[in-house]
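Trainee: Numbering (the working numbering), first residue to last: 1 to 291.
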DNA sequence: CGCCCTGTTGGGGA
DNA sequence: ATCCCCAACAGGGC
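1) Exposed or buried, residue 158, counting other C-beta atoms within 10 Å across all chains shown (16 or more means buried)?
2) Does the stretch 102–114 come into contact with the stretch 142–158, if we say contact requires no fewer than three beta-carbon pairs (one atom in each stretch) closer than 8 angstroms?
3) Which residue comes first and which comes last in the beta strand (DSSP E) that contains residue 92?
4) Could you name the residues of the same chain whose beta carbon sits closer than 8 angstroms to that of residue 47, not counting the 5 residues immediately before and after it, in chain order?
5) From the DSSP output, read off the bridge partner residues of residue 81.
6) Can you check DSSP and say which residues form a bridge with residue 184?
7) Give me the Cα-Cα distance between residue 129 and residue 45, rounded to the nearest whole angstrom.
8) List the residues that DSSP assigns as beta-bridge partners of residue 201.
9) Within 10 Å of its beta-carbon, does residue 119 have 16 or more other beta-carbons around it, so buried, or fewer, so exposed?
10) Does the beta-carbon of residue 258 have 16 or more other beta-carbons within 10 angstroms, so that it is buried, or is it exposed?
11) Do the stretch 171–182 and the stretch 206–215 meet, that is, are 3 or more Cβ pairs less than 8 angstroms apart?
12) Is it true that the CB of residue 29 sits closer than 9 angstroms to the CB of residue 116?
13) Start and end of the beta strand (DSSP E) containing residue 42?
14) Helix or strand or just coil, what does DSSP make of residue 12?
15) Rounded to whole angstroms, how far is the Cβ of residue 228 from the Cβ of residue 85, which I believe are closer than 8 angstroms?
16) With DSSP run on the structure shown, which of helix, strand or coil describes residue 254?
17) I'd like the list of long-range same chain contacts for residue 123, defined as Cβ closer than 7 angstroms, with 5 residues on each side in sequence excluded.
18) Give every residue of the same chain whose Cβ lies closer than 7 angstroms to the Cβ of residue 174, excluding the five residues on either side of it in the sequence, and list them in chain order.
19) Output the distance between the C-alpha atoms of residue 136 and residue 88, rounded to the nearest integer angstrom.
20) Take residue 226 and list the residues in its own chain whose beta-carbon comes closer than 7 angstroms to its own, dropping the five residues that flank it on each side.
21) Within this structure, are the beta carbons of residue 79 and residue 113 separated by less than 9 angstroms?
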């Protein structure tokens, strides 16, 4: 669910309410959350420490605690971080008890969400160094920067955008959106993008993420604001029609196939398929049987 | 009713 | 470097 704009929306909503507060209790109801770390160990490191800052890096939500203790969380696909949701909230995995009587509950039906510990600023930097690249909304992503990152890569443009080690925070929905806005086919080799295409794609990534952020991260049906408000009724800021039949720009039928292992929606008139590249067949009902 | 497929993510192994 | 599969569950199509 949460790509960069969603996580940032959550961070902004929560920061004023948790910064300066001490985490008095950390109840890990699902040990899988912090595995392979021991729950008691994580609990001991967190409890009693103050949240100095609530930060975001890529799609990670980071509790920067006192004494350089960093609790690095990831919501993955279906995780939500709710503020005082009430005891009947479903799929509770972790409870953060704050020293002002309020609480944060991490809820996640699919149990993909994770919490990891970095002890010391250096450990935190090491954690991110191998996982996330530049922050696209920090003003550092332009055509030349994107071109430098894509240089030499033979993989498709979509797989490139989804690679968190290059550009942080772009997920499946914003990748499709940016490619559509830039008129770039997802299977076009990233390293073969022209300067003009890199320019368009960089701008499209920044614009799409910014639009999502302005809309309060309401991209996805499952999105839930920390206050429990459901978002994502209409993807009004998304130019690219995902569910519909026809391209809003030219009317051509949107085709779907699997690219970079994800469902991918394309208008092959607005995003011309490179010569020599065949459109993959969407495997329907076909399952590569187990041996 | 029940089976089968899909999915907003990232890590690990081939 | 790149691709495929998997984690665990809900929901929809048939």
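Note that beta-carbon positions come from the ideal geometry of N, C-alpha and C, so glycine has one too.
Mentor: Quick answer:
1) Residue 158 should be labelled buried.
2) no
3) 92–98
4) 23, 24, 25, 26
5) For residue 81, which the question treats as bridged, DSSP gives the partners 106.
6) DSSP, once it has assigned bridges, lists no residue as partnering residue 184.
7) 23 angstroms
8) DSSP lists no partner for residue 201.
9) exposed
10) exposed
11) In short, these stretches touch, since the Cβ pair count reaches three.
12) no
13) From DSSP, residue 42 is part of no beta strand (DSSP E) but of the alpha helix (DSSP H) over 39–46.
14) Here residue 12 sits in helix by DSSP.
15) 6 angstroms
16) coil
17) none
18) 3, 208, 209, 212
19) Those two C-alpha atoms are separated by around 37 angstroms.
20) 10, 13, 14, 81, 82, 83
21) Contact annotation: residue 79 and residue 113 have beta-carbon atoms nearer than 9 angstroms.
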